[in-house]
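Per my numbering, numbering through the sequence shown is continuous, rising by one, with the last residue being 578. Don't be surprised by glycine CBs; every beta carbon is placed ideally from N, CA and C. Everything numeric in this text was worked out from a predicted model, so none of it was measured.
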Amino acid sequence: MSDSAAHIARRLLDAFDDYRTAFRELTMGARARFEQAQWAEIQEASTARINLYDERIFETRDRLSADPACKDILDADRWPEIKAAFIELIDGRFDDDLAETWFNSVFFKMHRHDQISDRTMFVHSTRPAVRPPSRIPLTRGFISGGCLMGLARQILDEYSFDVPWADYERDCQLMVHCLRQGLPDWAQLDHGLTVELIQPVFYRNKGAYLVGRILSQGEKWPFVLALVHRDNEGISVDTLITDESEVSIIFSFTRSYFMVDVAVPVEMVNFLKRLMPSKQVAELYTALGFYKQGKSEFYRALIDYMARNPEDRFVMAEGVRGMVMTVFTLTGFNTVFKIIKDRFSPSKHVNRATVIEKYRLVKRHDRVGRMADTQDFADFRFHRDSFEPECLAELLEVAPSMVVLEGDTVLIRQCWTERRMIPLNIYLETASESQTREALMDYGLAIKQLAAANIFPGDMLLKNFGVTRHGRVVFYDYDEICYLTEVNFRHIPEPLYPEQEMSSEPWYSVGPNDVFPEEFPVFLFADVRLRRMFAQMHGELFDADYWKGLQQQIREGKVIDVYPYHRPEEKDLERV
Numbered sequence: 003m004s005d006s007a008a009h010i011a012r013r014l015l016d017a018f019d020d021y022r023t024a025f026r027e028l029t030m031g032a033r034a035r036f037e038q039a040q041w042a043e044i045q046e047a048s049t050a051r052i053n054l055y056d057e058r059i060f061e062t063r064d065r066l067s068a069d070p071a072c073k074d075i076l077d078a079d080r081w082p083e084i085k086a087a088f089i090e091l092i093d094g095r096f097d098d099d100l101a102e103t104w105f106n107s108v109f110f111k112m113h114r115h116d117q118i119s120d121r122t123m124f125v126h127s128t129r130p131a132v133r134p135p136s137r138i139p140l141t142r143g144f145i146s147g148g149c150l151m152g153l154a155r156q157i158l159d160e161y162s163f164d165v166p167w168a169d170y171e172r173d174c175q176l177m178v179h180c181l182r183q184g185l186p187d188w189a190q191l192d193h194g195l196t197v198e199l200i201q202p203v204f205y206r207n208k209g210a211y212l213v214g215r216i217l218s219q220g221e222k223w224p225f226v227l228a229l230v231h232r233d234n235e236g237i238s239v240d241t242l243i244t245d246e247s248e249v250s251i252i253f254s255f256t257r258s259y260f261m262v263d264v265a266v267p268v269e270m271v272n273f274l275k276r277l278m279p280s281k282q283v284a285e286l287y288t289a290l291g292f293y294k295q296g297k298s299e300f301y302r303a304l305i306d307y308m309a310r311n312p313e314d315r316f317v318m319a320e321g322v323r324g325m326v327m328t329v330f331t332l333t334g335f336n337t338v339f340k341i342i343k344d345r346f347s348p349s350k351h352v353n354r355a356t357v358i359e360k361y362r363l364v365k366r367h368d369r370v371g372r373m374a375d376t377q378d379f380a381d382f383r384f385h386r387d388s389f390e391p392e393c394l395a396e397l398l399e400v401a402p403s404m405v406v407l408e409g410d411t412v413l414i415r416q417c418w419t420e421r422r423m424i425p426l427n428i429y430l431e432t433a434s435e436s437q438t439r440e441a442l443m444d445y446g447l448a449i450k451q452l453a454a455a456n457i458f459p460g461d462m463l464l465k466n467f468g469v470t471r472h473g474r475v476v477f478y479d480y481d482e483i484c485y486l487t488e489v490n491f492r493h494i495p496e497p498l499y500p501e502q503e504m505s506s507e508p509w510y511s512v513g514p515n516d517v518f519p520e521e522f523p524v525f526l527f528a529d530v531r532l533r534r535m536f537a538q539m540h541g542e543l544f545d546a547d548y549w550k551g552l553q554q555q556i557r558e559g560k561v562i563d564v565y566p567y568h569r570p571e572e573k574d575l576e577r578v
């Protein structure tokens, strides 16, 4: 191995360590921000941590390129030797999985994508699938309090903050209430009931979470204790969750990333995977803030799936064809692939650069459980046999600059991946009466919660929302989103005379950012029955004053509460 290769590998790892230090500093500040109720600062730190990765990758590329000792670094044939030197350096590290992805990212920024292979970088990980434990304790051991009240007290005593509990006794009673609601009777009576909790606290937005599992007689349940800090009141328990589906929603792909100190990423992910078996490894890495690692794990899962299921081919995704994006999918792989078309519908007043920036906005912004996270990929290459002929023909027709046929290889220059959902308009076609009501209720809540996060969807048609496997309604079409505070909500002026009202054209001026909520009912619902049902549930959305009120709160700096879980009813708590 040459000295030059060893030098480059060392420089790569040093840059990675600098990034990890900066990442950890932003993460470790989460506790103080929560204790001091610094809600705006929390959002700023979250955005800064997302931006940090690409900032440091570009810095690393530029420094290596300018280093005389890193000669021939732009020669891809040098990188197998650099990779071998890098493997030696990261062996025995506890964040070696992240280090491999860092190596890949630097390589991406210096070379063409057709130079990617397992020779030059880590297309497949070199880390062992099963590795010995790190001996760095992930959990705080087992907590057992005899009775449920004793268990609740021990848990609260185990975690201390620099801000007092607002009402310690009330919180213990609430925990007991939630345990009685969430556990079978026999487990509640088990005086050997124990809880194993992850050592660090999970912070996100205005909440903090104690995460672990409950164990009793060979059975286990997730344990997530949600904490809130209300200004001038202290820290309180908001709820305790033991249902896997609800815990999965808290760790959803529609949420912002947690701030949590992770000493050994793979061990944290493996523990969380035991709590939520249906979660993909890629999603769990992403939820912890390691979104680039999540991207690597997704890609590996995709190529592994396609190797094991060669009969599954890409097809166009169900739903109304998009005016900006074309969308395709694999039948057995729960993801859609979105490509920007070359030509947009005349009604769409955006360009390619604007659409890309909208997707970046969603990546940086608080998604409040109502916007699907996306991953941006460049230069995907698939064999043409991986596509149904009709799908490939449509992609080549609507996006010829982005989809190129090179012999038997289909090159996709850029695409976004997103979790597949059932489009809301299609879901409602076969939904029962109760399912329809639940979906419309959640559709309205999705719009309201996006607005609370200072997001206006723009095009709120049903086809632009999807229904997840948990029945939640999520927005996924971002080409027209903007900040709520940028919109000018107006009432429709009264006509001056009857002829104006009968005119096919508006009798009033309409600016580029003007929105008239009174037009929403007809615009959103062709079905009068659905329109009336929605109006009964969320009629305030049709009033400009409602939107203006939200804008005023946001401009005053208020961060509106949006909870990622069902909260206990006050009437239930009174009986505790």
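By the DSSP assignment, the beta strand (DSSP E) with residue i in it spans what residues?
i       : result
Phe-144 : 141 to 145
Thr-331 : 327 to 332
Thr-337 : 335 to 342
Val-475 : 475 to 477
Thr-318 : Correcting the residue identity first, residue 318 is Met in this sequence and not Thr. From DSSP, the beta strand (DSSP E) with Met-318 extends over 316 to 318.
Enumerate in chain order the residues of its own chain whose CB-to-CB distance from residue i is below 6 angstroms, with the five nearest sequence positions on each side excluded.
i       : result
Leu-575 : At Leu-575 the pLDDT is 37, less than 50, meaning the model places this residue with poor confidence; the figure from the coordinates comes in the next sentence. For Leu-575, where only same-chain residues beyond five positions count, there are no Cβ hits under 6 angstroms.
Leu-274 : Leu-286
Val-203 : Ala-210
Gln-117 : Ala-78
Val-564 : Val-370, Gln-451, Ala-454
Arg-604 : No answer is possible for residue 604: it lies beyond the span of the chain, which begins at 3 and ends at 578.
Put residue i into one of helix, strand or coil per three-state DSSP.
i       : result
Val-213 : strand
Tyr-205 : strand
Thr-470 : coil
Cys-484 : strand
Met-373 : strand
Phe-105 : helix
Phe-384 : strand
Leu-442 : helix
Ile-138 : coil
Ile-10  : helix
Ile-562 : coil
Met-462 : coil
Ile-457 : strand
Met-261 : strand
His-367 : coil
Lys-1   : As shown, the chain starts at 3 and ends at 578. That puts residue 1 outside it, with no answer to give.
Thr-148 : According to the sequence provided, residue 148 is Gly. The question's Thr does not apply to it. Note: Gly-148 maps to coil in three-state DSSP.
Glu-359 : helix
Met-535 : helix
Going by DSSP, name the residue or residues bridged to residue i.
i       : result
Thr-196 : Leu-217
Leu-28  : The partner list for Leu-28 (beta bridge, DSSP) is empty, contrary to what the question assumes.
Asp-516 : Asn-490
Met-601 : Given that the chain is displayed from residue 3 to residue 578, the structure contains no residue 601 and the question cannot be resolved.
Leu-242 : Leu-227
Asp-378 : Trp-418
Pro-425 : Gly-468
Ile-237 : Trp-167, His-231
Val-524 : Paired residues: none, contrary to the question.
Leu-407 : Val-412
Lys-222 : Leu-217
Taking buried to mean at least 16 other C-beta atoms within 10 Å of its own C-beta, is residue i buried or exposed?
i       : result
Ile-75  : buried
Thr-23  : exposed
Val-322 : exposed
His-472 : exposed
Arg-402 : The sequence as given places Pro at residue 402; Arg does not occur at that position. With fewer than 16 other Cβ atoms within 10 Å, it is exposed.
Ala-7   : buried
Val-132 : exposed
Lys-73  : exposed
Glu-579 : Residue 579 cannot be examined here, being either before or after the span of the chain that is shown, 3 to 578.
Between which residues of its own chain and residue i is the CB-CB distance below 7 angstroms, once the five residues before and five after are set aside?
i       : result
Pro-566 : Ile-251, Ile-252, Arg-257, Gly-371
Glu-299 : Val-283, Ala-284, Tyr-287
Cys-174 : Met-151, Ala-154, Arg-155, Leu-158
Glu-542 : Tyr-548
Ile-59  : Ser-107, Val-108, Lys-111
Looking at the unbroken alpha helix (DSSP H) that takes in residue i, where does it start and where does it end?
i       : result
Leu-397 : 391 to 400
Asn-353 : Run containing Asn-353: none; DSSP gives neither H nor E here.
Pro-82  : 81 to 92
Asn-272 : 267 to 277
Phe-60  : 41 to 68
Leaving out five residues on either side along the sequence, give the residues of the same chain with a beta carbon under 8 angstroms from the beta carbon of residue i.
i       : result
Leu-552 : Ala-453, Ala-454, Leu-486, Ile-562
Gly-194 : Ser-146, Ser-218, Gln-219
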